[in-house]
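A.B. asks:
Protein chains: 2
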Amino acid sequence: MTRYTESIRASLRDRVLDAAYGLVADAGWGGLRMAHVAERAGVSRQTCYTEFGSKDALGQALVMREVDRFLDGIREVLDGHGPDLRAGVTAGVEFTLRTAADNELLKAVITSQRGGDGELMTHLTTRSEPLLDTATAMLGAYAAHAWPEVDDYSRELAVECVVRLTVSNIVQPVASPEATAERIARIVTRVALLAEPE
Amino acid sequence: MTRYTESIRASLRDRVLDAAYGLVADAGWGGLRMAHVAERAGVSRQTCYTEFGSKDALGQALVMREVDRFLDGIREVLDGHGPDLRAGVTAGVEFTLRTAADNELLKAVITSQRGGDGELMTHLTTRSEPLLDTATAMLGAYAAHAWPEVDDYSRELAVECVVRLTVSNIVQPVASPEATAERIARIVTRVALLAEPE
DNA sequence: AACTAGACAGAATCTCTAATAGTGTCAAGG
DNA sequence: CCTTGACACTATTAGAGATTCTGTCTAGTT
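Listed in order, the protein sequences are those of chains A and B.
The opening residue of the first sequence carries number 99 in the numbering used here; numbering runs sequentially from there.
The opening residue of the second sequence carries number 99 in the numbering used here; numbering runs sequentially from there.
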């Protein structure tokens with residue numbers, strides 16, 4: 099298989115996944131029809147099957163792509179703020195809040211939402227718990243790099259705070275993503291920077 | 099109506115609600131039958147209707163009772179720890195975590211859980227949002243009293259942290275109630291006690 | 001070699017109907 | 001004030017039948 103063929107195939111997969119994403123957003127996982135996906139992607143139904151194998155497999159590929167994109171986005175945002183952890187946290191949280199706001203699928207994954215109309219999580223539970231764990235690990239590593247002077251325990255506490263508070267504000271928002279991100283970063287800064295007053 | 103009659107009626111209401119609570123726990127709101135409630139409470143079906151009016155009304159009375167009991171419990175725990183806010187927070191959080199663990203109904207109310215088997219929230223949405231607001235207000239007042247030297251903003255931040263982190267740990271627990279409560283109290287102490295390092 | 005198009009069996013979902021069970025109300029009686 | 005039994009009306013359930021989808025195969029196209 100030549101590299102050219104590979105890139106063709108990759109773009110085909112992407113077109114199909116794009117189509118699936120849009121249709122899932124419209125009608126939910128249950129309302130998704132392989133025929134519609136194929137039609138919107140401009141390929142035959144058979145091609146979808148040879149490429150993904152089954153509807154469930156296509157669903158898994160879809161969430162994996164979204165999850166990977168999200169994780170890449172987080173990584174990029176964090177890397178873009180060098181040693182200033184507070185700015186990095188603010189940007190990362192805001193990015194997450196915005197993503198969850200306009201990506202129902204990722205919102206469902208992040209909040210581990212089950213049932214409802216997007217029953218897609220019920221089947222595709224694989225790769226859904228790892229998301230928060232991965233994000234937590236990334237943030238932890240970033241924090242260790244940006245704030246080497248903070249002790250491990252405080253850093254752990256701070257990272258847990260960021261993740262939990264962010265998810266909490268996705269589930270129950272009270273302000274704009276900017277304001278919320280700012281607030282969470284402020285909280286976390288305090289958690290990380292205060293030595294234990296025993 | 100004499101006071102004696104009133105107390106009879108109150109105990110009757112309580113017996114019916116106790117029966118309803120048990121049956122909801124077993125079969126969910128949808129599986130609850132007025133006839134069963136009456137039977138288990140040892141009263142006639144008609145009495146349930148004259149007392150509560152309808153099944154939905156009984157449901158509302160049930161959640162109201164549970165919510166009130168929970169709120170009273172919180173109040174009691176907080177008051178029992180006088181000026182030591184850290185101890186109060188620890189005890190309050192632990193109390194909440196334990197309550198949520200062995201009271202499905204309150205867990206559903208606290209986490210604003212919709213759908214699922216306990217569809218009782220779908221109808222009884224009244225009084226469910228106020229719960230967290232009331233608890234937040236109570237904690238805020240308690241904090242203002244116990245930590246007068248902390249500025250308003252920091253206190254607000256700390257209170258928000260307690261509430262959101264507690265709910266988060268109900269939804270996704272990682273440790274025992276004691277350990278979690280201890281951890282949250284530690285975090286919150288830091289948030290409240292650190293002046294802004296701008 | 002990679003895709004399309006059409007056909008097809010089996011499974012899942014929808015629809016409609018009949019029957020069953022439950023809610024809410026009444027009146028008679030203890 | 002509570003119980004009991006009866007009742008109309010509504011909601012839920014069950015099942016049969018039709019419909020729609022999935023997943024696969026094969027023949028044909030570019």
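Even for Gly, the Cβ is constructed at its ideal location relative to N, Cα and C.
Because the structure is a prediction, the values reported are computed rather than measured.
For chain B, check one thing: does any of its Cβ atoms lie closer than 8 Å to the Cβ of Val289 (chain A)?
C.D. replies: It does: the Cβ of Val289 (chain A) has a partner Cβ on chain B nearer than 8 Å.
A.B. asks: So, helix, strand or coil for Glu270 (chain B), using DSSP?
C.D. replies: At residue 270 (chain B) the sequence reads Gln, which differs from the Glu that was named. Coil.
A.B. asks: Which residues of the stretch 143-159 of chain B have a Cβ closer than 9 Å to any Cβ of chain A? Give them in chain order.
C.D. replies: Residues: none.
A.B. asks: Would you say Ile285 (chain A) faces chain B, with C-beta separation under 8 Å as the test?
C.D. replies: Taking Cβ atoms only, chain B reaches closer than 8 Å to Ile285 (chain A), which makes this a yes.
A.B. asks: Straight-line CA distance for Glu192 (chain A) to Thr278 (chain A)?
C.D. replies: If I take the Cα positions, the gap works out to 8 Å.
A.B. asks: So with CB distances below 7 Å, who are the chain B contacts of Val265 (chain A)?
C.D. replies: Here the neighbours are Ser266.
A.B. asks: Touching or not, the stretch 145-153 of chain A and the stretch 247-260 of chain A, by the rule of three or more beta carbon pairs under 8 Å?
C.D. replies: Result no; under three Cβ-Cβ pairs closer than 8 Å.
A.B. asks: If contact means a Cβ-Cβ distance below 8 Å, which residues of the stretch 194-206 of chain B contact chain A?
C.D. replies: Going along the stretch 194-206 of chain B in chain order, one finds no residue with a Cβ nearer than 8 Å to chain A.
A.B. asks: If we ignore side chains and look at the alpha-carbon of each, how far apart do Arg173 (chain B) and Leu130 (chain B) end up?
C.D. replies: When rounded, the distance between both Cα atoms is 31 Å.
A.B. asks: Going by other Cβ atoms of all chains shown within 10 Å of its Cβ, with 16 needed for buried, is Ile285 (chain A) buried or exposed?
C.D. replies: Buried, because 16 or more other Cβ atoms sit within 10 Å of the Cβ of Ile285 (chain A).
A.B. asks: Would you call the CB atoms of Val141 (chain B) and Leu121 (chain B) closer than 8 Å?
C.D. replies: The answer is no: Cβ separation not under 8 Å.
A.B. asks: Please report the Cβ distance between Thr197 (chain B) and Gly171 (chain B), rounded to the nearest whole angstrom; I am assuming they are in contact, meaning their Cβ atoms lie under 8 Å.
C.D. replies: About 7 Å separates the two Cβ atoms, so the contact holds.
A.B. asks: Any beta carbon of chain A sitting closer than 8 Å to that of Val187 (chain B)?
C.D. replies: Not closer than 8 Å to any Cβ of chain A, the Cβ of Val187 (chain B) fails to qualify, so no.
A.B. asks: Who are the Cβ neighbours of Thr234 (chain B) in its own chain at under 7 Å, not counting the five residues just before and after it?
C.D. replies: Closer than 7 Å at Cβ, skipping near neighbours: Val257 and Val261.
A.B. asks: Would you say Val269 (chain A) and Val207 (chain A) are within 8 Å of each other, going by their C-beta atoms?
C.D. replies: Their beta carbons are not under 8 Å apart, which means Val269 (chain A) does not touch Val207 (chain A) by this criterion.
A.B. asks: Along chain B, which residues have their Cβ under 9 Å away from the Cβ of Leu255 (chain A)?
C.D. replies: Within 9 Å Cβ-Cβ: Arg281, Arg284, Ile285 and Arg288.
A.B. asks: Less than 8 Å between CB atoms is the rule here; does Arg163 (chain A) satisfy it with respect to chain B?
C.D. replies: It does not: the Cβ of Arg163 (chain A) has no partner Cβ on chain B nearer than 8 Å.
A.B. asks: Going along the chain, which unbroken runs of the alpha helix (DSSP H) with 4 or more residues stay wholly within the stretch 157-204 of chain A?
C.D. replies: The qualifying runs are 183-200.
A.B. asks: If I measure Cβ to Cβ from Pro295 (chain B) and keep anything under 7 Å in the same chain, skipping five residues before and after, which residues do I get?
C.D. replies: Only weak support is given to the placement of Pro295 (chain B): the predicted model assigns it a pLDDT of 43, under 50, and the value that follows is read from those uncertain coordinates. So the list is empty, once near-sequence residues are dropped.
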